[in-house]
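Trainee: So the protein lines, in turn, are chains E and F.
Quick note on the UniProt record's numbering: the first sequence kicks off at 1 and runs consecutively.
Quick note on the UniProt record's numbering: the second sequence kicks off at 1 and runs consecutively.
Glycine residues also receive a C-beta, built at the ideal position from the N, C-alpha and C atoms.
2 protein chains.
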Amino acid sequence: MSVTINDVARLSGVSKRTVSRVINCSPAVGEATRERVLEIIKETGFSPDKQARGLASSRSYLLGLIYDNPDALYIDQVQRGALSVCAELGYELVVHPGSSKHEDFIDDCLRFISRSKLDGVIILPPVSENKALAAALREAQCPYVRLASVDLDDADNIVVSDERAAMRDMASHLVELGHTDIGFISGPQHFRSSTERLAGFLAELQVYNVQLPDSRIVEGKNNYESGLMCAQTLLDTPNRPTAIVANNDEMAAAALRVASNLNIKVPDELSVAGFDDNILASRIIPSLTTIRRPVYNMACLAVQKLINKSRATKEKLPLQKTVTPTLVKRESTGQCSE
Amino acid sequence: MSVTINDVARLSGVSKRTVSRVINCSPAVGEATRERVLEIIKETGFSPDKQARGLASSRSYLLGLIYDNPDALYIDQVQRGALSVCAELGYELVVHPGSSKHEDFIDDCLRFISRSKLDGVIILPPVSENKALAAALREAQCPYVRLASVDLDDADNIVVSDERAAMRDMASHLVELGHTDIGFISGPQHFRSSTERLAGFLAELQVYNVQLPDSRIVEGKNNYESGLMCAQTLLDTPNRPTAIVANNDEMAAAALRVASNLNIKVPDELSVAGFDDNILASRIIPSLTTIRRPVYNMACLAVQKLINKSRATKEKLPLQKTVTPTLVKRESTGQCSE
DNA sequence: TTGTAAGCGTTATCAA
DNA sequence: TTGATAACGCTTACAA
Numbered sequence: 001m002s003v004t005i006n007d008v009a010r011l012s013g014v015s016k017r018t019v020s021r022v023i024n025c026s027p028a029v030g031e032a033t034r035e036r037v038l039e040i041i042k043e044t045g046f047s048p049d050k051q052a053r054g055l056a057s058s059r060s061y062l063l064g065l066i067y068d069n070p071d072a073l074y075i076d077q078v079q080r081g082a083l084s085v086c087a088e089l090g091y092e093l094v095v096h097p098g099s100s101k102h103e104d105f106i107d108d109c110l111r112f113i114s115r116s117k118l119d120g121v122i123i124l125p126p127v128s129e130n131k132a133l134a135a136a137l138r139e140a141q142c143p144y145v146r147l148a149s150v151d152l153d154d155a156d157n158i159v160v161s162d163e164r165a166a167m168r169d170m171a172s173h174l175v176e177l178g179h180t181d182i183g184f185i186s187g188p189q190h191f192r193s194s195t196e197r198l199a200g201f202l203a204e205l206q207v208y209n210v211q212l213p214d215s216r217i218v219e220g221k222n223n224y225e226s227g228l229m230c231a232q233t234l235l236d237t238p239n240r241p242t243a244i245v246a247n248n249d250e251m252a253a254a255a256l257r258v259a260s261n262l263n264i265k266v267p268d269e270l271s272v273a274g275f276d277d278n279i280l281a282s283r284i285i286p287s288l289t290t291i292r293r294p295v296y297n298m299a300c301l302a303v304q305k306l307i308n309k310s311r312a313t314k315e316k317l318p319l320q321k322t323v324t325p326t327l328v329k330r331e332s333t334g335q336c337s338e
Numbered sequence: 001m002s003v004t005i006n007d008v009a010r011l012s013g014v015s016k017r018t019v020s021r022v023i024n025c026s027p028a029v030g031e032a033t034r035e036r037v038l039e040i041i042k043e044t045g046f047s048p049d050k051q052a053r054g055l056a057s058s059r060s061y062l063l064g065l066i067y068d069n070p071d072a073l074y075i076d077q078v079q080r081g082a083l084s085v086c087a088e089l090g091y092e093l094v095v096h097p098g099s100s101k102h103e104d105f106i107d108d109c110l111r112f113i114s115r116s117k118l119d120g121v122i123i124l125p126p127v128s129e130n131k132a133l134a135a136a137l138r139e140a141q142c143p144y145v146r147l148a149s150v151d152l153d154d155a156d157n158i159v160v161s162d163e164r165a166a167m168r169d170m171a172s173h174l175v176e177l178g179h180t181d182i183g184f185i186s187g188p189q190h191f192r193s194s195t196e197r198l199a200g201f202l203a204e205l206q207v208y209n210v211q212l213p214d215s216r217i218v219e220g221k222n223n224y225e226s227g228l229m230c231a232q233t234l235l236d237t238p239n240r241p242t243a244i245v246a247n248n249d250e251m252a253a254a255a256l257r258v259a260s261n262l263n264i265k266v267p268d269e270l271s272v273a274g275f276d277d278n279i280l281a282s283r284i285i286p287s288l289t290t291i292r293r294p295v296y297n298m299a300c301l302a303v304q305k306l307i308n309k310s311r312a313t314k315e316k317l318p319l320q321k322t323v324t325p326t327l328v329k330r331e332s333t334g335q336c337s338e
């Protein structure tokens with residue numbers, strides 16, 4: 001029914017081996033021959049069978065996406081970014097949301113990979129910080145690229161967003177609005193992304209000679225509920241900060257909620273900022289000052305790096321390692337009133 | 001390196017054909033033989049190669065997910081639901097966000113399917129309403145299941161959420177709060193989901209003998225920006241409704257924003273409701289009364305239906321066609337003050 | 001530069 | 001109930 005390599009070979013009067021060479025862009029084909037074959041391929045609409053190809057060459061033209069984070073918006077952008085590059089190169093994307101807490105997680109990922117002989121995987125934060133997973137993938141010889149906030153792997157294996165720098169911008173934004181007493185709702189400190197963001201923020205405050213006592217830093221779990229509790233701690237006291245920065249938009253939204261409950265006006269009496277720029281940030285009232293990572297582009301880079309690995313050394317594209325998030329200023333931060 | 005069917009055959013002293021029968025659960029295998037083979041399979045950790053299997057049997061064990069809607073939350077839930085069933089049955093999920101506006105869209109989907117010889121696809125709204133796509137899939141003999149708000153296909157090919165009924169609940173919720181002058185921000189009327197929701201809403205109002213003049217119904221585009229304009233039309237006038245219902249949460253959020261700009265208190269002076277129960281709905285202030293579809297379960301059902309199609313008639317599971325969304329009451333709707 | 005022949009790991013045909 | 005043997009559509013030694 002559908003056109004095979006044999007049909008193309010017959011029609012163009014060459015061997016299937018030559019057709020194979022053409023579709024694989026082998027240089028060892030005469031110009032005339034190549035053109036004739038390409039002609040026939042176009043005429044017949046031939047498209048090589050992935051399974052057969054994979055069976056013969058042990059490749060699948062399938063890339064995997066491993067993640068745990070339930071931040072749907074982020075994931076959707078990653079998928080679209082990754083697919084934009086996949087489409088050009090004939091790869092497909094197979095998704096694998098897992099639960100990194102599960103003891104079986106790493107084996108589960110390895111099975112996922114071997115089941116479909118994936119040509120490589122992209123790993124999203126926070127799973128991307130998992131050293132054991134990365135080690136297991138290296139051992140299994142599975143190409144991978146991690147998206148992360150810290151430089152924790154070779155340039156070939158990672159796309160880093162410089163969140164430390166982004167949080168410096170956030171700090172200077174607030175200080176320049178006059179804030180010197182700032183509360184910080186951090187993420188879990190066992191995540192590098194959390195420590196990184198906090199470190200960047202504190203480092204920039206230093207520059208302005210602003211101190212942040214430990215009592216102003218409370219650790220959340222990156223979800224709404226924990227954000228509520230942390231914000232409550234920071235705000236439900238006469239001695240409250242004039243600004244709150246949260247490790248992500250979910251917790252910043254929680255801070256807005258607590259402020260609303262306590263009848264504290266944002267931004268007049270309190271500034272609030274988040275991190276992620278998810279859909280919430282632009283829709284919530286007041287809209288949220290936050291930090292946006294170039295997620296789509298990071299995913300593009302990741303796929304390119306993955307595919308680079310299967311190229312000959314001289315054909316490798318030079319690809320950047322680090323991308324820069326940007327500060328998005330909105331309604332929730334304003335001049336300090338005190 | 002990895003164990004193949006030949007190894008299993010040799011080790012268990014039978015032909016590979018017999019091993020094949022065992023792994024495919026053919027009844028034509030002696031009990032003793034079957035057990036011996038299963039034993040060896042367990043010992044060796046043999047797992048049949050998908051590509052080889054697919055090449056020989058023209059199946060891929062790959063399901064596709066086709067969508068256009070950029071509602072990320074919804075899509076993430078669908079993916080997780082679908083995968084929960086896929087995992088049990090050894091299928092993987094390949095994603096394909098497209099743009100249904102593109103003239104090439106249907107061909108693009110067909111190529112997507114044939115490229116990887118997908119065993120079936122799930123189509124999400126609003127693309128799921130596309131008749132031409134469904135027809136093309138039938139012609140291409142590609143099994144599909146549509147997730148939709150209206151019963152527009154055979155029970156085997158669709159999972160319907162009864163949005164008409166859900167909107168009846170919404171209407172009665174508002175009427176019982178005392179609202180009789182209600183504004184409705186509809187979705188594009190060329191979508192069945194839009195007409196269906198509006199129809200359900202109006203039908204229930206009839207029951208209460210409440211009239212909705214045409215001027216109270218404005219058509220949005222299901223996005224935030226159009227929601228802003230529609231809400232402005234309805235609210236920025238002395239003669240404004242006491243409640244606004246929007247076709248989705250994005251536009252309801254826009255209504256909240258416009259109300260905030262016009263200094264109209266929600267829910268004291270105005271009730272607002274949406275549809276979707278996306279992350280926005282629970283985080284925004286005031287939190288949004290809305291309707292939640294059992295998206296995860298719908299996706300589970302869709303995969304089961306897809307796989308049912310490749311089963312023998314007598315092994316087919318009976319699967320429901322319709323699911324029921326639920327009304328989620330939150331802060332944004334309250335007693336009518338007039 | 002091109003072709004021949006042997007796989008890749010399954011399932012399918014047909015006979016025993 | 002079983003088993004040889006031939007596909008499936010492609011890539012890859014190895015020759016020529």
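Between the C-alpha atoms of residue 320 of chain E and residue 144 of chain E, what's the straight-line distance to the nearest angstrom?
Mentor: Answer to the nearest angstrom: the Cα atoms are 16 Å apart.
Trainee: Taking DSSP as the reference, what is the three-state secondary structure of residue 289 of chain E?
Mentor: The answer is strand: DSSP assigns residue 289 of chain E an E or B state.
Trainee: Examine chain F for any beta-carbon lying closer than 9 Å to the beta-carbon of residue 224 of chain E, and answer yes or no.
Mentor: Yes - at least one Cβ of chain F is within 9 Å of the one on residue 224 of chain E.
Trainee: Which ranges would you report for the alpha helix (DSSP H) in the region 103 to 162 of chain E if only whole runs of at least 4 residues count?
Mentor: If we require 4 residues or more, the alpha helix (DSSP H) runs fully inside the region 103 to 162 of chain E come out as 105 to 115 and 131 to 139.
Trainee: At the 9 Å Cβ level, is residue 50 of chain E part of the contact set with chain F, yes or no?
Mentor: Taking Cβ atoms only, chain F reaches closer than 9 Å to residue 50 of chain E, which makes this a yes.
Trainee: Output the distance between the C-alpha atoms of residue 335 of chain E and residue 175 of chain E, rounded to the nearest integer angstrom.
Mentor: Roughly 9 Å separates the two Cα atoms.
Trainee: Does residue 201 of chain F come out as helix, strand or coil in the three-state DSSP assignment?
Mentor: Correct three-state label for residue 201 of chain F: helix.
Trainee: What does the Cβ neighbour count give for residue 49 of chain E, buried or exposed, with the cut at 16 atoms within 10 Å?
Mentor: So residue 49 of chain E counts as buried.
Trainee: Would you grab the beta carbon distance between residue 75 of chain F and residue 76 of chain E for me? Rounded to a whole angstrom, and I think it's under 8 Å.
Mentor: With 8 Å as the limit, residue 75 of chain F and residue 76 of chain E qualify as a contact, their Cβ atoms being about 6 Å apart.
Trainee: Measuring straight from C-alpha to C-alpha, what distance separates residue 193 of chain E and residue 156 of chain E?
Mentor: Rounded to the nearest angstrom, the two C-alpha atoms are 20 Å apart.
Trainee: Let me check one thing: in DSSP terms, what residues is residue 280 of chain E bridge-paired to?
Mentor: DSSP lists no partner for residue 280 of chain E.
Trainee: Provide the residue(s) that pair with residue 185 of chain F in DSSP beta bridges, ordered along the chain.
Mentor: The partner list for residue 185 of chain F (beta bridge, DSSP) reads F:218 and F:246.
Trainee: Taking Cβ-Cβ distances shorter than 8 Å, what residues in chain F pair up with residue 285 of chain E?
Mentor: Per Cβ cutoff of 8 Å: 256, 257, 260, 284 and 285.
Trainee: Could you tell me whether any Cβ in chain F is nearer than 9 Å to the Cβ of residue 339 of chain E?
Mentor: Any property of residue 339 of chain E remains undetermined from this structure, which presents chain E solely from 1 to 338.
Trainee: Round the Cβ separation of residue 14 of chain E and residue 37 of chain E to the nearest angstrom and send it over; I've been treating them as touching at under 8 Å.
Mentor: The Cβ separation is near 6 Å, so the contact holds.
Trainee: Pick helix, strand or coil for residue 65 of chain E, following the three-state DSSP scheme.
Mentor: Residue 65 of chain E falls in the strand class under three-state DSSP.
Trainee: Rounded to whole angstroms, what is the Cα-Cα separation between residue 188 of chain E and residue 78 of chain F?
Mentor: For residue 188 of chain E and residue 78 of chain F, the distance between alpha carbons rounds to 28 Å.
Trainee: Given this structure, state the Cα-to-Cα distance separating residue 238 of chain E from residue 337 of chain E, to the nearest angstrom.
Mentor: About 16 Å.
Trainee: With which residues is residue 97 of chain E paired in a DSSP beta bridge?
Mentor: In DSSP, residue 97 of chain E forms a bridge with E:67.
Trainee: Mind listing the chain F neighbours of residue 117 of chain E? Cutoff is C-beta to C-beta under 9 Å, in chain order.
Mentor: Result: 49, 50 and 51.
Trainee: If we cut at 9 Å on Cβ distances, does residue 244 of chain E have a partner in chain F?
Mentor: So, not an interface residue.
Trainee: Is it right to say residue 305 of chain E is buried, meaning 16 or more other beta carbons lie within 10 angstroms of its own, or is it exposed?
Mentor: It is buried - the Cβ of residue 305 of chain E has at least 16 other Cβ atoms within 10 Å.
Trainee: So is residue 89 of chain F buried or exposed if we call it buried at 16+ other beta carbons inside 10 Å?
Mentor: Its Cβ having fewer than 16 others within 10 Å, residue 89 of chain F is exposed.
Trainee: From the DSSP output, in three-state form, read off residue 322 of chain E for me.
Mentor: Strand, per DSSP.
Trainee: Would you check if the region 32 to 47 of chain F and the region 56 to 65 of chain F touch, i.e. whether three or more CB-CB distances between them fall below 8 Å?
Mentor: Taking 8 Å as the limit for Cβ pairs, the verdict is that the region 32 to 47 of chain F does not touch the region 56 to 65 of chain F.
Trainee: Going straight from the alpha carbon of residue 258 of chain F to that of residue 236 of chain F, what length do you get?
Mentor: Computed Cα separation, rounded: 9 Å.
Trainee: Consider the Cβ of residue 248 of chain E: report whether some Cβ of chain F lies at a distance smaller than 9 Å.
Mentor: Not one chain F Cβ lies under 9 Å of residue 248 of chain E.
Trainee: Under 8 Å by Cβ, that's how I've got residue 97 of chain E and residue 83 of chain F pegged, so tell me the actual separation to the nearest angstrom.
Mentor: That belief holds up - the Cβ atoms of residue 97 of chain E and residue 83 of chain F are roughly 7 Å apart, short of 8 Å.
Trainee: Would you call the CB atoms of residue 333 of chain F and residue 272 of chain F closer than 9 Å?
Mentor: For residue 333 of chain F and residue 272 of chain F, yes; Cβs fall inside 9 Å.
Trainee: For residue 92 of chain E, which three-state DSSP category applies?
Mentor: Correct three-state label for residue 92 of chain E: strand.
Trainee: Could you check whether the Cβ of residue 278 of chain E sits closer than 9 Å to any Cβ belonging to chain F?
Mentor: At least one chain F Cβ lies under 9 Å of residue 278 of chain E.
Trainee: Pick from F:119, F:161, F:234 and F:148: whose alpha carbon is nearest that of residue 129 of chain F?
Mentor: Nearest of F:119, F:161, F:234 and F:148 to residue 129 of chain F, Cα basis: F:148.
Trainee: According to DSSP, is residue 29 of chain E helix, strand or coil?
Mentor: Correct three-state label for residue 29 of chain E: coil.
Trainee: Rounded to the nearest angstrom, what separates residue 414 of chain F and residue 141 of chain F at their Cα positions?
Mentor: Summary: the structure shown does not reach residue 414 of chain F, with chain F confined to residues 1 through 338, and so no result is reported for it.
Trainee: Would you decide whether residue 326 of chain F is buried or exposed? Buried here means 16 or more other CB atoms lie within 10 Å of its CB.
Mentor: Result: exposed.
Trainee: Determine the chain F residues that contact residue 94 of chain E at a beta-carbon separation under 7 Å, and present them in chain order.
Mentor: Result: 92, 93 and 94.
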